[in-house]
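Asks: Residue numbers (numbering that gives the first Met the number 0): 0 to 246.
Don't be surprised by glycine CBs; every beta carbon is placed ideally from N, CA and C.
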Amino acid sequence: MAKVFLKPKALADTHTHYCPGCTHGIIHRLVAEVIDELGVQDTTVGVAPVGCSVLAYNYFNFDFQEAAHGRAPAVATGIKRARPDLTVFTYQGDGDLASIGMAEIIHAANRGEKFVTIFVNNAVYGMTGGQMAPTTMPNQISTTSPAGRDVADVGMPIKVAELLAALQTPAFISRQAVLKPKQIFKAKKAIKKAFQYQLEGKCFSMVEVVSTCPTNWGLTPVDSLKWAEDKLLSYYKLGDYKTPEAE
Numbered sequence: 000m001a002k003v004f005l006k007p008k009a010l011a012d013t014h015t016h017y018c019p020g021c022t023h024g025i026i027h028r029l030v031a032e033v034i035d036e037l038g039v040q041d042t043t044v045g046v047a048p049v050g051c052s053v054l055a056y057n058y059f060n061f062d063f064q065e066a067a068h069g070r071a072p073a074v075a076t077g078i079k080r081a082r083p084d085l086t087v088f089t090y091q092g093d094g095d096l097a098s099i100g101m102a103e104i105i106h107a108a109n110r111g112e113k114f115v116t117i118f119v120n121n122a123v124y125g126m127t128g129g130q131m132a133p134t135t136m137p138n139q140i141s142t143t144s145p146a147g148r149d150v151a152d153v154g155m156p157i158k159v160a161e162l163l164a165a166l167q168t169p170a171f172i173s174r175q176a177v178l179k180p181k182q183i184f185k186a187k188k189a190i191k192k193a194f195q196y197q198l199e200g201k202c203f204s205m206v207e208v209v210s211t212c213p214t215n216w217g218l219t220p221v222d223s224l225k226w227a228e229d230k231l232l233s234y235y236k237l238g239d240y241k242t243p244e245a246e
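(1) So is residue 2 buried or exposed if we call it buried at 16+ other beta carbons inside 10 Å?
(2) So, are the CB atoms of residue 72 and residue 116 less than 8 Å apart?
(3) Keeping to the same chain, check which residues put their C-beta closer than 7 Å to that of residue 230; ignore five residues upstream and five downstream.
(4) Taking DSSP as the reference, what is the three-state secondary structure of residue 39?
(5) By the 10 Å Cβ neighbour count, where 16 or more other Cβ atoms means buried, how is residue 155 classified, buried or exposed?
(6) Applying the criterion that 16 or more other CB atoms from any shown protein chain within 10 Å of the CB defines a buried residue, is residue 184 buried or exposed?
(7) Quick one: any contact between the stretch 60-70 and the stretch 19-27, if contact means 3 or more CB pairs under 8 Å?
(8) Just verifying my parser: in three-state terms, what is the DSSP assignment at residue 248?
(9) How would you call residue 43, buried or exposed, if buried means at least 16 neighbouring beta carbons within 10 angstroms?
(10) I need the boundaries of the alpha helix (DSSP H) containing residue 196, first residue and last residue.
(11) CB-CB under 6 Å to residue 150, same chain, minus the five flanking residues each way: which ones, in chain order?
(12) Work out the CA separation of residue 114 and residue 81 for me, nearest whole Å.
(13) Starting from the C-beta of residue 139, find all residues in its chain whose C-beta is less than 7 Å away, skip the five residues before and the five after it, and write them out in chain order.
(14) When you compare only the Cα positions, how much space is there between residue 29 and residue 99?
(15) Could you check which residue in 221, 45, 164 has the C-alpha nearest to that of residue 194?
(16) Considering only residues of the stretch 27-97, which uninterrupted alpha helix (DSSP H) runs meet the minimum length of 4 residues and lie entirely inside it, listed in chain order?
(17) Should residue 204 be labelled buried (16 or more other beta-carbon atoms within 10 Å of its own) or exposed?
(18) Using a 10 Å radius around the Cβ and a threshold of 16 neighbouring Cβ atoms, would you call residue 102 buried or exposed?
(19) Identify the residues that DSSP records as bridge partners of residue 120: which are they?
(20) Closer than 8 Å is the cut-off here; do at least three beta carbon pairs connect the stretch 55-66 with the stretch 205-221?
(21) Excluding the five sequence neighbours on either side, which residues of its own chain have a C-beta within less than 6 Å of the C-beta of residue 189, listed in chain order?
(22) Need the endpoints of the alpha helix (DSSP H) that residue 110 sits in, please.
(23) Look at the alpha carbon of residue 120 and the alpha carbon of residue 0, and state the distance between them as a whole number of angstroms.
(24) I need the straight-line Cα distance from residue 107 to residue 24, nearest angstrom please.
(25) State the CB to CB distance for the pair residue 142 and residue 125, rounded to an integer number of angstroms; the pair is presumed to be in contact (CB under 8 Å).
(26) Per DSSP, what kind of secondary structure is residue 231 in: helix, strand or coil?
(27) How long is the line joining the alpha carbons of residue 145 and residue 50, rounded to whole angstroms?
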């Protein structure tokens, strides 16, 4: 019997540590599929900092570099500048990128560094116990906001895609989701476009991906998909926010 659905070559054959219903696995597969289709597996280097992605090197069949919390863009900058022939990307969560790493990502984008950032936004710190993140929604309960996020005290959730799109430096900035099959296809298209821009030496690229965190949200995997669709996507609008052609 012929196989009609195969594991990407760029994806390792290993068990996952991610929680049931977590969509990191979907995003990993999309990245691996793009790496396969572009034929750059042997020249790709990923960079993962602290967070749920800290063990990302276990899941990909190419080189990976560990970075300090929030510092993946700085590490990626060094690798890409030293070896411009390599295909370099960072894989970061919202607690990492939008908090301790906010300055890193803003300045990397503003400099126009020629690497890709995959930014997973699940509106909470995942690995460290479900604390409130810069992306946590108003009134959303977390371990550090048990009464819900009080925007009068800590401000509104940060929209990273819109923030980076406001920079004058040419870039590709997109926000997608992996909650439904149609969204997954669009997310892959955006991720592939981001890597293609890097291969062409055009610009910095970031694809923000709205994801789920059933464990820290205290919801079932199915209910998490619905919550993200109803709550997150009404605030974090999907689409391309900036393209180099528009500059």
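Replies: Taking the definition as stated:
(1) Counting from 1 along the sequence shown, the entry for residue 2 is found at position 3. It is exposed - the Cβ of residue 2 has fewer than 16 other Cβ atoms within 10 Å.
(2) In the sequence shown, the residue the question calls residue 72 occupies position 73. In the sequence shown, the residue the question calls residue 116 occupies position 117. Cβ distance < 8 Å, so residue 72 and residue 116 count as in contact.
(3) Translated into positions along the sequence shown, residue 230 becomes position 231. The residues are 136.
(4) Residue 39 sits at position 40 when you count from the first residue of the sequence shown. Coil at residue 39, not helix or strand.
(5) Mapped onto the sequence shown, residue 155 falls at position 156. When all chains shown are included, residue 155 counts as exposed.
(6) Position 185 of the sequence shown, counting from 1, holds the residue named residue 184. It counts as exposed.
(7) no
(8) Within the shown structure, residues of the chain are numbered from 0 to 246, placing residue 248 beyond reach of any answer.
(9) As a position in the sequence shown, residue 43 is number 44, starting the count at 1. Classification for residue 43: buried.
(10) Locating residue 196 in the sequence shown gives position 197, where the first residue counts as 1. Residues 180-198.
(11) Along the sequence shown, one-based indexing puts residue 150 at 151. For residue 150, where only same-chain residues beyond five positions count, the Cβ hits under 6 Å are 137.
(12) For the purposes of this step, residue 81 is taken as the residue at position 82 of the sequence shown. For the purposes of this step, residue 114 is taken as the residue at position 115 of the sequence shown. Whole-angstrom Cα-Cα distance: 12 Å.
(13) By 1-based counting over the sequence shown, the position of residue 139 is 140. Taken in chain order, the residues that qualify are 122, 147, 148.
(14) For this step, residue 29 is matched to residue 30 along the sequence shown. For this step, residue 99 is matched to residue 100 along the sequence shown. When rounded, the distance between both Cα atoms is 26 Å.
(15) By one-based count along the sequence shown, residue 194 stands at place 195. If we check each option's Cα against that of residue 194, 45 comes out closest.
(16) 71-81
(17) If you number the sequence shown from 1, residue 204 lands on position 205. That one is buried.
(18) Along the sequence shown, read from residue 1 onward, the residue named residue 102 stands at position 103. With fewer than 16 Cβ atoms within 10 Å of its Cβ, residue 102 is classed as exposed.
(19) Sequence index remark: in the sequence shown, residue 120 carries index 121 (1-based). Residue 120 is bridged to 209.
(20) no
(21) Position 190 of the sequence shown, counted from the first residue, corresponds to residue 189. Hits under 6 Å: 173, 175, 206.
(22) For the purposes of this step, residue 110 is taken as the residue at position 111 of the sequence shown. That run of the alpha helix (DSSP H) goes 101-110.
(23) Position 121 of the sequence shown, counting from 1, holds the residue named residue 120. Position 1 of the sequence shown, counting from 1, holds the residue named residue 0. Straight-line Cα distance between these residues: approximately 39 Å.
(24) As a first step, residue 107 is located in the sequence shown; it is residue number 108 there, counting from the start. As a first step, residue 24 is located in the sequence shown; it is residue number 25 there, counting from the start. Rounded to whole angstroms, residue 107 to residue 24 spans 26 Å at the Cα level.
(25) Locating residue 142 in the sequence shown gives position 143, where the first residue counts as 1. Locating residue 125 in the sequence shown gives position 126, where the first residue counts as 1. Actually they do not touch by this definition, with Cβ atoms about 11 Å apart.
(26) Sequence index remark: in the sequence shown, residue 231 carries index 232 (1-based). If DSSP states are grouped into helix, strand and coil, residue 231 belongs with the helices.
(27) If you number the sequence shown from 1, residue 145 lands on position 146. If you number the sequence shown from 1, residue 50 lands on position 51. Each residue's alpha carbon lies about 21 Å from the other.
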